[in-house]
Every structure is written in structure tokens, then in C-alpha cells.
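Number of protein chains: 2
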Amino acid sequence: MTDRLAPGATIGILGGGQLGRMLSVAASRLGFKTHIFEPGANPPAGQVAQSVTTAPYEDEAALRAFAASVDVITYEFENIPTSALDILEALRPIPPGRAALATSQDRLAEKAFLRDLGLMTAPFADVASEADLNSALETIGAPAILKTRRFGYDGKGQARIMALEDAASAYADMAGAPSILEGFVNFSNEVSVIGARALNGSVACFDPGENVHLGGILHTTTVPARLSPSQRSDAVLIAARILNALDYVGVMGVELFVTAEGLVVNEIAPRVHNSGHWTQNGCVIDQFEQHIRAVAGWPLGDGSRHSNVVMENLIGEDVARIPQIAESCTAIHLYGKAEAKPGRKMGHLNRIIGPAKG
Amino acid sequence: MTDRLAPGATIGILGGGQLGRMLSVAASRLGFKTHIFEPGANPPAGQVAQSVTTAPYEDEAALRAFAASVDVITYEFENIPTSALDILEALRPIPPGRAALATSQDRLAEKAFLRDLGLMTAPFADVASEADLNSALETIGAPAILKTRRFGYDGKGQARIMALEDAASAYADMAGAPSILEGFVNFSNEVSVIGARALNGSVACFDPGENVHLGGILHTTTVPARLSPSQRSDAVLIAARILNALDYVGVMGVELFVTAEGLVVNEIAPRVHNSGHWTQNGCVIDQFEQHIRAVAGWPLGDGSRHSNVVMENLIGEDVARIPQIAESCTAIHLYGKAEAKPGRKMGHLNRIIGPAKG
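Residue numbers (this note's numbering), protein chains in the order written: chain A, 1 to 358; chain B, 1001 to 1358.
This is how it looks when you write it as C-alpha cells:
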């Protein structure tokens, strides 16, 4: 890994969406320049970055030139092609690192990793064939959910199996991709912990937030989450255990189901996370700056919470509400995307609901 | 003036220093792009802007192309040449506006404007000749300070007159520039109010901060300032009166001396102000976003203070302390400047000293 970067250094970011954009802004606060690598034209992050490379992940020359122009490389999303990572990793450090990416790029590997750490997950089984699916359903039962092992995002590549007779159709939906069957978890609510780990191994977690999804997409995150003091401790300890096991450097999102038996890990995201956007207005140092501090080899900042916040995503035409929202006491964060498509994350709001207690 | 700008619009900013940089970041939060116009190469603001024009203010073609590429123009400093403003103003709105610039570009006009509003200022007199200076000194007395009327900044273009015999040398220091003699004010402390005024005339002021200078440069701003409740009201009312009198749109810094006779206006700055940097970590909506909201024709945001803060400037080699500072519970804001020269503002810190009371 890298030594501590001095202000003036350049941080390369793979992916030019809203997460890259907010990482770039956080980097600027610490005096760093950013260089965005993004296949799509006019990426949102490019509006607040020193440089942008527009090239596919298969363009080896572009990847090499990008790496040569930066001091460290990080990423805003986990589904970066392995071939690109192989090229970049030989040239520059890529925190959070390959172990975290390999784990989170494959739902089966992720579940096995979590189970091996002694953490609770949904019941799961590898599905490489329709026969596998039928046998997995015998063990796990219905309802269950069949998911492709790789490249899942916001509910895509998933099929619900409400009864055994849905199996064939669900299997067909996967189009032959290696898959995983996951049993349902009976949970009261979902929370997430945004954890950060520095190069020296120190860990700092933001207060858990409580998530509500609509149509498979995060709708709101509220802090504080409805958790007992011991659940709150458990949530943070689980996140820390995962960060340490991966020798992780940077910010990670850990989604947890709250159940009568304890906290069940739903999934991990090896990057800044939508459910951590509340930190921008609830903390002096937000998740984006924690990530930049970690990948730059700096100590983590003080992420303690000064305010209670409800974060709400603005999806698609939700942005048409901006003129009304601007009248209210709400922090607005827009992503600079030209077109509001259905399901597209256009921005988010952080509504302050009072000072943090205690 | 402009109608309400929609997200996706481009805001032009004259000046690419740290104020333009932080304005650009605030604009990005509201979904705006920015285009920086700056004579110097590699401006700090350019690291977080969509576009940069590097050209002198005398380059009419560059000014016209810049104006054509943006929806509204604002500025990070007040000493923009009049000829450039004449060209730009014919093409695009330039909030806060010419009245504020004309007033604040000329210390004599500023003092006269404030006096005509019924506000207290230091005693002052126009100095167009050495004879004027001698006659002004008879009225105002020594100690006093002789300043050029235009283009003063951070203590430059000023000469102290401790006794009458210093007059000739002080006059020579002005090198024939039209000047103003200002008497000293016997004050207990200096505070500033960062006020904002929207296109619809509504005014919102941040809580007053208390300033300490070192060597003519702002060293710290602390909120809350040591003010009685009535002084606090007076400070805000003074700022509002100035904003309204200028039909101002945007953020203004108003520096006030606290004296036994009341608040004396030291100077006004028609832009975001160094003494308002604490708002980045003390409020949900900071001075930079208030300015962008105002110039975009949006309603002002909620600038109420959630935390008490000490802002400290990092001047010159102060930035060498960053590795130690990063260990502490302090928000760091660096400006991306390549070289730390003596007296150069390299960044600032916001140290949270507790939750805001009340």
C-alpha cells in the first residue's frame, strides 16, 4: 500500500457517477486532485475533477496512462472487470483492495466469507444447474430468492421464488449465469453501518442508519436507527470484524437485518454507500472524506454525529420537486445528471430532524 | 437579474482562488456546473470546475466567450476591472451587482455609503493631495491610517500615521494614488456578519463570528462571538440594512468593531468571506451554498448553526502542520495551491468546540 499522500497528490477514481463525484469533492477538501476513469461520456464526477479519461475498461493503453497520472487508485463501484484490475494493480495501489473486491463481486464468495467469520447470513446455496436449484429449495424452502452470483445491483439479476413451481422460470431468468439461492430472513428492520479502516488498521464506524427500500432501491436512511444499545454495539463490532478480516483500507457499507436471533449480514459493499449519504450533513467528517483519508494513508477523522438526519433519495422525476424542496430546511445534493430516467438516482436530500442526543 | 436557474445550468465565476473553489463545490451540490475565469494558470478552483478559461481581464474575446458559455456570472473578489464588468454585464447578469462592486472597490465611496445609511464608521477624510492629508490629520488626529481608495487587500496599500511627522512619508507610500485617511476606532473586539440576500429580497444572516488578525491577515474566527443579545441583533440588522440598500443578491461579509458607543462598520466585502468559512462545519448550509442559491435565483437555505466552531487560517508554511492536525478532531480544508509562500492562504481548519446552545 501507499505511504501517506501529501496534499497536491492525485487520486484516481474508477467510475464517474455520483459516488465518484462526492469522493472528488471530499478529496478537494484535503488538497488532493482527482482523475476520473469512466467509460460513459460526461460523467457527473467529471464536473468536479481535475481530469477525466473516457475509455472502456478493456482499453489497456488508457488504463496504463491513467495509472501513470495518479498516485493511488480507488473506485466507486465493485464490478470492475478483473482484467482491468490486473493491469492497474501492477502499477499503483488500489485500496480498498482485491480481497474485498473478489469477495463482494461474487455473492456466493461473500456469503461463505461471512459464514466463515462466524457471522449470521441468510441461508444460501450454490446454484450451478436447475438440479442444484431444486435440491437447494428442498433445504432452504420457499419463499426464497435466486440471484446471479456476479454483477447484481439495485435488485437487478434477481428472481423471487414464492413457491416450488416458480423454480423453472426463476432459473430461466438467470440465463445460465452461476447463481445463488438465498432464503428469506424474517427481520424487523434493516440497518447499515458505514465503517472505515485506515492503513494502520484503526477502525471508525459511523452510527448505524435505518434503511427503507422502495422497488428494490434505497428510499430513506434515518439516523439514529431503531436499535437497542447492545444491537448498536453488535452492528459496529460486525463491521469491524469484516474490515479487519479483509485487511481493508477505506469505507465499506455493511447492511444488516435486525432479527429476533440477532443481526444478520445482508450484504457488504466495498465502497462508500448510499446509506451513508446522511453523514454529509450529520457529521463534521463524512463517509467520502473518511474514504479519501484512508486511501491516502491519512488517519481517519472524527465521524461522530452532531445531528439526527433523514436521507431521502431522489429517483427519476423526483427531481422535479426541487423548487419546492429548496424552500424547506433541507440540504439538497444533486448529481449533475443530464436526464431523469425512471429508477435513476438523481440526487438525495438530508433533512435534519434535530441535534444528536448524548 | 436571472430567473431561477434549473440544475444543469452553468455558473460563471470570476477568479479561481480558494473562494471560487469552494463556491464551485457548493454549486455542484445543487447540480450546477461551473466555469472559472482566471488570469493565472492552474487556479485552485479549476480542480473542481467543469471548465476553466485562462485569460487576462483585458481579453475582450475571452470575456465574451466566457459569458456566452454560462447562465449567470458571479465573482470571488471585488477588484475586477470596470472595463471587464462593462463587457460582461451587457451579456449576463452579474450578481451581487455593480452597485455593491462600485461601493466596495472604493474605500471612500464605501465609507460615505455607510455614513449615509446612518451607520457608524471610523472618522474618515478624502486625501487627494499632501495638503488634504495635513488638513485631515488636524480634524481626525493621530494615530490614523492612510489607505489607497482602491485595490486594498489584507493590509496592502496602507500606512500608519502614529504622529503628525509621519504624514509626508505615509503620503509618499501611496505613490500618488487617491487615498483616504481613517481615524482609529477604540474597539474591544471585531466581529463579522455573513449576510445573504435572495433575488426576492429575503435576507438571512449567519450568526456573528469573532475575528482575530495576525499581521494584517485573518487568523481565527470563533462562533459564537462575545456579544450581548442586543449587540447580536444590532449586528444582524446592520448587515440587513446594507444588503437592502444595495439591492444585493448573494453573500456579503460585514466586519464590525464592537465599541462602547455601539457597532462600528469597518468594511464590507461583496462576496463570500474568509470569516464565514466556519459555516462549512457549523451549519448544514454554508456561506458558499447560500451565495450560489442567491445568484441562481433560489430561495436561501437554513443557515442555522448546529455547532460552535473555531476557524483558523493556514498561512504559508502552516500547512506543514497538516500531518499532526489530521490526527486531531478538526475539519481540514486545503486549497490545492502548489506552493506555500509567506502570507499565502493555503487552507483553513474548523475545530468543533461543542454543540450550539439554544
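Backbone N, C-alpha and C fix where the C-beta goes; we use that ideal spot for every residue, glycine too. Just so it is clear, the structure is predicted and the values come from calculations on it, not from any experiment.
Rounded to the nearest angstrom, the gap between the Cα atoms of A:Leu300 and A:Glu58 is 34 Å. For A:Cys329, the closest Cβ of chain B is nearer than 8 Å. Contacts with chain B at 8 Å (Cβ-Cβ) do not include A:Arg344. In the assembly as shown, A:Pro323 is an exposed residue. Its beta-carbon has fewer than 16 other beta-carbons within 10 Å.
The beta carbon of B:Val1319 sits closer than 8 Å to those of Leu1334, Ala1340, Met1346, Gly1347, all from its chain and outside the five residues before and after it, given in chain order. Look at B:Ala1142 here: in three-state DSSP terms it is coil, with no helix or strand label. The way I'd put it, the stretch 1141–1151 of chain B does touch the stretch 1097–1114 of chain B; three or more beta-carbon pairs between them come closer than 8 Å.
The Cβ neighbour count for B:Ser1233, taken over all protein chains shown within 10 Å, is under 16; the residue is labelled exposed. Its chain contains Thr148 as the residues whose beta carbon lies nearer than 6 Å to that of A:Met174, once the 5 sequence neighbours on both sides are disregarded; these appear in chain order.
With at least 16 other beta carbons inside 10 angstroms of its own, A:Cys205 counts as buried. For a Cβ distance threshold of 7 Å, residue set Val284 of chain A lies close to B:Asn1281, ordered along the chain. Distance between B:Ala1100 and B:Ile1073, taken at the CA atoms: about 15 Å. Between A:Pro355 and chain B, the shortest Cβ-Cβ separation is below 8 Å. With a cutoff of 8 Å on beta-carbon distance, B:Ala1128 and B:Leu1137 are scored as not near each other. Cβ contact annotation for A:Val254 (same chain, cutoff 7 Å, sequence separation greater than five): Ser192, Val193, Gly195, Ile238, Ala239, Ile242, Val265, Ile268, in chain order. Around the Cβ of A:Gly17, a 10 Å sphere holds 16 or more other Cβ atoms; the residue is buried. Linking A:Pro96 to A:Leu14 through their CA atoms gives a straight-line distance of about 12 Å. DSSP, reduced to helix, strand and coil, places A:Ala159 within a strand of the structure shown.
Using a Cβ-Cβ distance cut-off of 8 Å, the stretch 1043–1053 of chain B and the stretch 24–34 of chain A are in contact, since at least three pairs of beta carbons, one from each stretch, lie closer than that value. The alpha carbon of A:Ala326 has as its nearest neighbour, out of B:Gly1316, B:Leu1349, B:Arg1293, B:Arg1226, the alpha carbon of B:Arg1293.
One finds nothing in chain A with a Cβ atom closer than 8 Å to the Cβ of B:Leu1019; even the nearest lies about 14 Å away.
A straight line joining the alpha-carbon of B:Gln1287 with that of B:Gly1216 spans about 23 Å. The three-state reading of DSSP puts B:Tyr1171 in helix, counting H, G and I together. Note on A:Val212: under 16 other CB atoms within 10 angstroms of its CB, so exposed under the neighbour-count rule. When the five nearest sequence neighbours on each side are left out, the beta carbons in the same chain lying within less than 6 Å of the beta carbon of A:Glu190 are those of Asn211, Phe257, in order along the chain. Boundaries of the alpha helix (DSSP H) around A:Pro323: 322–325. In this structure, A:Leu146 places its C-beta atom within 8 Å of the C-beta atom of A:Leu133. Around B:Val1025, the same chain offers Val1048 as residues with beta carbons nearer than 6 Å, after the five sequence neighbours per side are excluded. For the stretch 251–283 of chain A, the set of residues with a beta-carbon nearer than 7 Å to any beta-carbon of chain B comprises Asn281, in chain order. Contact check for B:Leu1005 against B:Ala1198 fails: the beta carbons are separated by 8 Å or more. Taking 7 Å as the Cβ-Cβ cut-off, the stretch 1291–1309 of chain B approaches chain A at Trp1298, Pro1299, Asp1302, His1306, Ser1307, given in chain order. With a beta-carbon spacing of about 18 Å, B:Phe1113 and B:Leu1181 fall beyond the 8 Å limit used to define contacts. Along the stretch 311–324 of chain A, the positions whose C-beta sits under 8 Å from a C-beta of chain B are Val319, Ile322, Pro323, read in chain order.
Between B:Ala1009 and B:Asp1071, the C-beta spacing is below 8 Å. The Cβ of A:Leu91 sits no closer than 8 Å to any Cβ of chain B. In the structure shown, the three-state DSSP call for B:Ser1228 is coil.
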